[in-house]
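Have a look at the structure below before the remarks.
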Amino acid sequence: MSDTDPGPDVIIIGSGPAGVSAAWPLLEAGLAVLMVDQGRTAKPDAIAAEGGSLHDLRTGDGGQWKRFLGEDFSALVPRGLVSPKLKVPGQQYVFDGFHTAYGLRTDNFHAVGSLARGGLSNVWGAGAYVYDDDDLADFPIARSDLAASAAVVARRIGLSGSRDDDMAAFYGDDMPLQPALELDARAEKLLQAYARRKPALNTDQFQLGRARNAVLSQPLGARGACGYDDMCLWGCSRGAIYNAAQELVELKKQPHFTYRSGLLVRSIEGGANSYAVVCAAADQRPVRFRSKTVVLAAGTIGSTVLALRHLRHFDRDIPLYSNPTLAVPLVLPGFLGGVLPRKNFSLGQLGFRLRTAELTDAYAHGVLFAASGLPASAFIGQIPLSRPAAIRLFRALQPALLIANCFLPGRFSRNFLKVSDPAATGGVAISGGYQPGLDKVIKSTTRAMTRHFRKLGAYAVPGGARASEPGADIHYAGTLPMRADGTGSSAAPHTSSLGELAGSPGLYVVDGAVLNQVAAKNPTFSIMANADRIARQIARRLKA
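Heads up, the sequence shown is in the working numbering, so the first residue is 1 and it goes up one at a time.
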């Protein structure tokens with residue numbers, strides 16, 4: 001494309017959930033959209049076998065070790081207390097090359113990003129929640145500003161859940177929903193116990209209900225409904241779990257949409273509604289695209305790096321928020337020594353909200369997962385026994401286990417990101433940490449969780465609670481926060497209430513970077529709704 005070519009109406013950098021959510025409103029307005037990213041894809045043999053369940057593979061596939069452990073046994077390599085999804089051999093393409101691409105160095109921070117088509121939605125947990133007015137208290141927007149866009153996104157991607165239990169309002173009871181997914185027997189028993197004991201429980205402090213998932217219980221378009229094959233972690237052959245890469249198939253059918261993959265965006269040059277997006281091809285050949293309007297949707301880390309390079313905001317720390325996370329294995333004694341289910345859904349079964357004395361003005365939010373679809377290696381290394389003894393114990397416990405994954409508000413994190421001048425090192429440094437006093441919050445949260453679940457007949461495994469390393473939650477936000485128009489320190493990078501980067505008219509940010517804070521809910525769905533909201537305003541401006 002020549003420098004005299006005006007280019008498309010809008011360039012979107014990134015093909016993850018935020019990028020595709022921004023693309024649709026722009027295309028509906030008749031605008032020409034170019035989406036650029038590296039777009040890495042899985043190897044064909046890494047895709048889940050059509051119709052194959054986890055049980056079928058475990059009992060009938062002689063080569064299963066390659067899928068579950070990797071030909072190089074990479075799944076067994078200790079990586080600290082991280083999500084099992086980060087260890088799946090067939091999903092490593094999602095993470096490959098990210099640190100190298102940005103020259104990323106970390107200190108006490110587990111940084112995760114993606115150069116893959118669809119971004120991190122290839123491996124997400126699919127929890128889909130709308131931020132409410134409490135979550136948005138520090139934002140220049142309210143829940144009502146997101147409502148219409150959230151409904152649009154929900155209809156487009158498909159959400160399953162309940163709108164009449166104790167978690168419905170917390171998750172957003174005005175969303176279009178498919179029926180809730182079938183519950184695992186352990187989760188069903190726990191929810192029944194909650195219903196029976198609810199009159200005696202303090203529901204101001206503890207609430208339990210069905211999880212809200214971007215997973216289909218009914219077919220939608222080309223995607224099939226959940227088949228309960230327990231392959232959620234390893235790859236859903238039906239497409240029931242939402243992945244932004246699925247939408248690229250439909251986007252590429254649109255006459256005004258162009259997708260260019262195999263390109264790593266290095267910088268954004270120009271300004272004031274005249275931008276050049278400078279990319280590097282696989283052979284390092286420079287490729288440039290021009291447009292008056294550019295939308296950054298490269299993930300919080302990627303978008304922040306590109307924005308700070310554009311602003312030449314170098315060698316200064318900026319806050320990066322993430323969710324402190326703890327995992328607590330729960331045992332339901334009636335299932336001990338039983339058999340694993342042949343059919344199951346291994347993402348979020350139930351959700352819960354928790355308040356404690358240390359969280360009077362906030363909350364902890366958790367999701368309960370069945371353990372049947374999780375790899376034994378995720379647990380055995382954490383059991384303080386010999387490996388043979390740990391394996392025997394885990395096999396006895398697994399049919400009785402639910403895993404409670406609990407998130408705390410991002411305000412308890414203390415992380416910083418810094419970009420160096422490309423003329424010098426050009427690298428990116430992230431240092432991680434937690435605010436003073438978090439240990440007390442984690443202890444009180446763990447005690448409260450174990451107490452409430454014990455009342456329902458689920459018992460925490462002694463010594464099993466584990467807090468994650470900063471960043472292991474992969475919920476990053478707050479580096480380019482939205483400010484009410486005309487406010488904010490000129491020295492601190494920020495965006496307007498419409499995601500426009502301060503001092504850079506026509507350059508917008510639509511991913512987690514613009515969230516002022518990260519609540520204890522997974523932010524992905526709210527990011528998608530916000531991207532849709534911003535894109536509709538961009539379309540109005542460009543069509544005016």
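We put the beta carbon where it would ideally sit given N, CA and C, even for glycine.
Item	Value
Spatially closest choice to residue 409 from 387, 434 and 392, by CA coordinates	434
Residue nearest to residue 38 in terms of C-alpha spacing, selected from 53, 59, 13 and 22	13
Opening and closing residue of the alpha helix (DSSP H) in which residue 303 lies	299–311
Inter-stretch contact at 8 Å, needing at least 3 Cβ pairs: the segment 501–515 / the segment 294–314	yes
Exposure label - residue 500; buried when at least 16 CB within 10 Å	buried
Backbone CA spacing between residue 493 and residue 245 [nearest angstrom]	30 Å
Supposed close pair residue 175, residue 154 - CB separation, criterion 8 Å	5 Å
Among 103, 200, 453 and 215, the one whose alpha carbon lies nearest that of residue 419	103
Of the residues 484, 185, 274 and 170, the one placed nearest residue 622, counting alpha carbons only	A query on residue 622 cannot be resolved here, the shown segment of the chain reaching from 1 to 544 and no further.
Nearest-angstrom Cα separation, counted from residue 190 out to residue 350	9 Å
DSSP state of residue 546 mapped onto helix, strand, coil	The question about residue 546 has no answer here: the residues shown for the chain are numbered 1 through 544.
Sub-7 Å separation of residue 290 and residue 280 beta-carbons	no
Burial state of residue 165, where buried means 16 or more other Cβ atoms lie within 10 Å	buried
Exposure label - residue 521; buried when at least 16 CB within 10 Å	buried
Proximity winner among 26, 100, 346 and 357, relative to residue 429 (alpha-carbon distances)	100
Secondary structure of residue 295, DSSP reduced to three states	strand
Residue 242 and residue 157 closer than 7 Å at C-beta	yes
Start and end residues, beta strand (DSSP E) containing residue 257	257–260
Straight-line gap, residue 278 to residue 269 (C-alpha atoms, nearest Å)	7 Å
Alpha carbon of residue 209 to alpha carbon of residue 150, nearest angstrom	21 Å
Pair within 7 Å by beta-carbon distance, residue 380 and residue 390	yes
Residue 220 Cβ short of 6 Å to the ligand MG heavy atom set	The ligand MG is absent from the structure shown, which contains no ligand whatsoever.
Start-to-end residues for the beta strand (DSSP E) that takes in residue 35	33–36
For residue 325: DSSP bridge partner residues	407
For residue 249 and residue 193, the rounded distance between their alpha carbons	44 Å
Contact check, residue 306 vs residue 296, beta carbons under 7 Å	yes
Exposed unless 16 or more other CB atoms sit within 10 angstroms - verdict on residue 437	exposed
Segment contact flag, the segment 251–258 with the segment 29–37, C-beta cutoff 8 Å, min 3 pairs	yes
Assumed close pair residue 235, residue 120 - CB separation to whole angstroms, cut-off 8 Å	With a Cβ gap of about 15 Å, residue 235 and residue 120 do not count as contacting.
Given 8 Å, three or more beta-carbon pairs between the segment 325–345 and the segment 466–482	yes
Sequence-distant residues of its chain with Cβ nearer than 8 Å to residue 49 (five each side left out)	Its pLDDT being 48, under 50, residue 49 is placed unreliably in this model, and the value from its coordinates should be taken loosely. Here the set comprises 57 and 237.
Check whether residue 505 and residue 344 have beta carbons under 7 Å apart	no
Beta-carbon gap between residue 116 and residue 531 smaller than 7 Å	no
Distance, residue 187 Cα to residue 338 Cα	15 Å
Limits of the beta strand (DSSP E) - the one that residue 428 falls within	428–431
Residues near residue 412 in its chain [Cβ-Cβ closer than 7 Å; skip 5 each side]	324, 434, 435, 438 and 441
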